[in-house]
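Residue numbers (our numbering), protein chains in the order written: chain U, 64 to 178; chain Y, 6 to 116. Think of the CB as a built atom: it goes at the ideal place given N, C-alpha and C, for glycine as much as any other residue.
Okay, here's the thing in structure tokens:
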């Protein structure tokens, strides 16, 4: 499978626990994006990387959220001290770097439920 | 004003009709525009993208861009029940920028 891969697909956690999600982008894609989506809303930008550099982080992202892409390949998104409001679908996307921005391809997402 | 706006719908059309989905954006400097389809519980999948003013056709889909009016649309010809989904408009402001999504329009194609 050469698409964007996300793990786990589903995560149920108790409030206050830490969770970590992984994203493996399409292999030749330099850019990797994290989005969050709640029911009835469009994807909301969280952060993005070009290679290993984190180029932008949403102002809406609290300090409990951190993302890494240590070797410019896979990325992890960690949420510390989870809250019920963190329940959402977390989407990862990747795109190549081109002369102009080309399309982003999404993984299947990780659905987080905080109970 | 939100950066990317879409009518939330639902938009209902009969099978075989043309579905017209609209999107407006606020940043006049936006460079590229994308339409994604999202089935319930699934992740968005790219339908098509457009960079230049005018029309771009791909099978039953036509994207239309009018940068002066800051308006993007997607036409779906010969709509099928399998086209029933939420359609997301996304805008990229330029090189090195992230993608900004609208809230999506829910389309229902009635058999």
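{"Check": "Taking the C-alpha atoms as reference points, what is the distance between residue 82 of chain U and residue 83 of chain Y?", "Outcome": "45 Å"}
{"Check": "For residue 105 of chain Y, which of Y/56, Y/51, Y/38 and Y/13 has the nearest alpha-carbon?", "Outcome": "Y/38"}
{"Check": "Using the DSSP secondary-structure output, state which residues sit across from residue 75 of chain U in a beta bridge.", "Outcome": "U/176"}
{"Check": "Of all the CB atoms in chain U, is at least one closer than 7 Å to the CB of residue 103 of chain Y?", "Outcome": "yes"}
{"Check": "Considering only C-alpha positions, which residue in the set Y/97, Y/42, Y/15 and Y/60 is nearest to residue 78 of chain Y?", "Outcome": "Y/60"}
{"Check": "Between which residues of its own chain and residue 116 of chain Y is the CB-CB distance below 7 Å, once the five residues before and five after are set aside?", "Outcome": "20 and 86"}
{"Check": "Answer yes if the segment 13 to 27 of chain Y comes into contact with the segment 74 to 94 of chain U, meaning at least three C-beta pairs across the two stretches below 8 Å, and no otherwise.", "Outcome": "no"}
{"Check": "For residue 103 of chain U, which three-state DSSP category applies?", "Outcome": "coil"}
{"Check": "Please report the distance separating the alpha-carbon of residue 80 of chain Y from that of residue 96 of chain U.", "Outcome": "28 Å"}
{"Check": "Expressed to the nearest angstrom, what Euclidean distance is found between the alpha-carbon atoms of residue 36 of chain Y and residue 77 of chain U?", "Outcome": "42 Å"}
{"Check": "Can you find the residues in the same chain that come closer than 6 Å, C-beta to C-beta, to residue 67 of chain Y, ignoring five residues on each side of it along the sequence?", "Outcome": "60 and 80"}
{"Check": "Based on the DSSP output, what are the partners of residue 111 of chain Y in its beta bridges?", "Outcome": "Y/91"}
{"Check": "Quick check on residue 109 of chain Y - is its C-beta less than 7 Å from some C-beta in chain U?", "Outcome": "yes"}
{"Check": "Around the C-beta of residue 52 of chain Y, are 16 or more other C-beta atoms found within 10 angstroms, so that it is buried, or is it exposed?", "Outcome": "buried"}
{"Check": "Between U/149, U/150 and U/166, which has its C-alpha nearest residue 99 of chain Y's C-alpha?", "Outcome": "U/166"}
{"Check": "Which complete beta strand (DSSP E) runs does the segment 116 to 145 of chain U hold, if anything under 3 residues is left out?", "Outcome": "116 to 120, 128 to 131 and 138 to 142"}
{"Check": "Run through chain B and tell me which residues come within less than 8 Å of residue 93 of chain Y, C-beta to C-beta.", "Outcome": "Looking for chain B here will not work: the only protein chains present are U and Y."}
{"Check": "Does DSSP put residue 60 of chain Y in a helix, a strand or coil?", "Outcome": "strand"}
{"Check": "At a CB distance below 8 Å, what residues from the segment 42 to 59 of chain Y approach chain U? Give them in sequence order.", "Outcome": "47, 48, 49, 50, 51, 54 and 56"}
{"Check": "Under the rule that 16 or more other beta-carbon atoms within 10 Å means buried, what is residue 75 of chain U, buried or exposed?", "Outcome": "exposed"}
{"Check": "What residues from the segment 85 to 116 of chain U come within 8 Å of chain Y, judged by C-beta to C-beta, listed N to C?", "Outcome": "96, 98, 103, 104, 105, 106, 107, 108, 111 and 113"}
{"Check": "Taking the continuous beta strand (DSSP E) assigned at residue 87 of chain U, which residues delimit it?", "Outcome": "82 to 87"}
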